[in-house]
Amino acid sequence: MGRSGDGPSQDSTSLRNETEELRATAEQLRGQVSELEVQARARPRIAMAEGVLVERYRLANAEAAFDLLRQASQRANVKLHQLAAAVARTPGPPPGAKAWFSGREQHPMPDLGSLEAGTLNAANQGEVLGAALQRVLTITGTDMGNVQLLEDGVLRMAKHTGLSRQFTDFFAFVDGNTACSRAAAASNQVTVKDVASSAGFDDETRQVILTAGSRACHSIPLVDDQDVVRGVISSHHARPLVGFTQAQLQTLDTTSRTLGTWIKWYQHTVLVDALEDLHQLALATRRLPPGTLG
Numbered sequence: 020m021g022r023s024g025d026g027p028s029q030d031s032t033s034l035r036n037e038t039e040e041l042r043a044t045a046e047q048l049r050g051q052v053s054e055l056e057v058q059a060r061a062r063p064r065i066a067m068a069e070g071v072l073v074e075r076y077r078l079a080n081a082e083a084a085f086d087l088l089r090q091a092s093q094r095a096n097v098k099l100h101q102l103a104a105a106v107a108r109t110p111g112p113p114p115g116a117k118a119w120f121s122g123r124e125q126h127p128m129p130d131l132g133s134l135e136a137g138t139l140n141a142a143n144q145g146e147v148l149g150a151a152l153q154r155v156l157t158i159t160g161t162d163m164g165n166v167q168l169l170e171d172g173v174l175r176m177a178k179h180t181g182l183s184r185q186f187t188d189f190f191a192f193v194d195g196n197t198a199c200s201r202a203a204a205a206s207n208q209v210t211v212k213d214v215a216s217s218a219g220f221d222d223e224t225r226q227v228i229l230t231a232g233s234r235a236c237h238s239i240p241l242v243d244d245q246d247v248v249r250g251v252i253s254s255h256h257a258r259p260l261v262g263f264t265q266a267q268l269q270t271l272d273t274t275s276r277t278l279g280t281w282i283k284w285y286q287h288t289v290l291v292d293a294l295e296d297l298h299q300l301a302l303a304t305r306r307l308p309p310g311t312l313g
């Protein structure tokens with residue numbers, strides 16, 4: 020009898036194991052799809068930057084240009100796709116110039132005190148974005164949230180905490196009708212009090228948010244000192260929201276403007292420093308024997 024009773028139990032265990040294996044495989048595939056989307060979106064920028072560098076510095080090929088981009092991004096701790104985009108959109112140095120930005124204006128480092136994170140390395144994007152996100156989550160009373168940076172009209176996920184892989188993959192890039200995109204477009208804070216009943220999401224988007232454990236969200240545009248939107252911070256909440264007090268909204272606005280102004284400084288200072296370093300690396304490669312780059 021004991022032998023005959025083992026069959027269903029073994030079948031059940033086998034089914035659970037197969038289910039877990041399928042779930043793990045699905046998670047892996049979702050991650051691969053997300054990574055491919057990131058690469059697909061970044062590749063045109065990188066290819067354009069490679070072409071610019073090959074022509075400007077008479078490099079042997081695109082591979083040599085990519086090596087220069089990689090070196091400069093690592094030395095400055097700047098994302099490769101951000102550096103590539105900066106190369107593509109920034110007017111190049113005069114022919115034969117020893118410096119790309121000779122005599123450029125130095126922008127003062129913004130005060131990050133309102134983030135209440137102690138001493139921060141202002142040149143470290145991840146550190147500053149993480150501090151700003153934690154400040155917003157403290158004000159809004161939750162442990163789920165994300166930061167998105169506005170790049171070429173698209174919001175790109177740059178920092179997150181407490182959210183599922185499915186959520187961060189799905190919202191890796193946003194250019195549709197979501198709370199964060201509405202906040203960026205209107206340059207105003209947007210509260211979704213109950214995701215389940217809000218008309219602001221399509222069915223797939225709503226399901227991804229709810230599955231992540233978020234029943235409500237609040238999105239704050241990151242606005243610099245000239246009222247230019249640079250990105251969005253969103254908090255996510257396990258229960259429907261009633262709303263926030265005027266004091267909370269004002270503090271969130273202060274935080275958003277601090278970070279927005281910092282993003283502007285980062286782009287005008289850290290990214291430009293990385294471009295100058297790239298220029299110096301490129302000039303140096305032209306004085307090296309062939310095959311010694313990197």
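My numbering applies: residue 20 is where the sequence shown begins, and numbers increase by one.
All C-beta atoms in this analysis are idealised placements derived from N, C-alpha and C, irrespective of residue type, glycine included.
Cβ neighbour criterion (16 or more within 10 Å) applied to S33: exposed
Cβ neighbours of A150 in the same chain (closer than 7 angstroms, five flanking residues each side left out): L134, A136 and L139
Rounded straight-line distance, which links the Cα of Q286 to that of F120: 14 angstroms
Where Q90 sits in the DSSP three-state scheme: helix
Contacts around R225, its chain only, beta-carbon distance under 8 angstroms, and the 5 residues preceding and following it disregarded: V214, A215 and S217
Coarse secondary structure for L169, derived from DSSP in three states: strand
Close beta carbons around L229, own chain, < 7 angstroms, minus the five adjacent residues each side: V214 and A215
T161 versus L131: straight-line alpha-carbon distance, rounded: 22 angstroms
E69 classed as buried or exposed, judged by whether at least 16 other C-beta atoms fall within 10 angstroms: buried
Meets three-Cβ-pair contact criterion under 8 angstroms: the segment 110–118 and the segment 79–91: no
Residue closest to I239, alpha-carbon to alpha-carbon, out of T288, T273 and M67: T273
Nearest-angstrom beta carbon gap, L290 and L88 [assumed within contact, 8 angstroms]: Contact flag wrong, Cβ pair sits at about 13 angstroms.
Unbroken alpha helix (DSSP H) run spanning S275, endpoints: Q265 to H287
Residues bridged to K178 (per DSSP): V166
For C236 and A257, the rounded distance between their alpha carbons: 9 angstroms
Residues bridged to V211 (per DSSP): C236
Ordered list of beta strand (DSSP E) runs contained in the segment 92–133, each at least 3 residues: none
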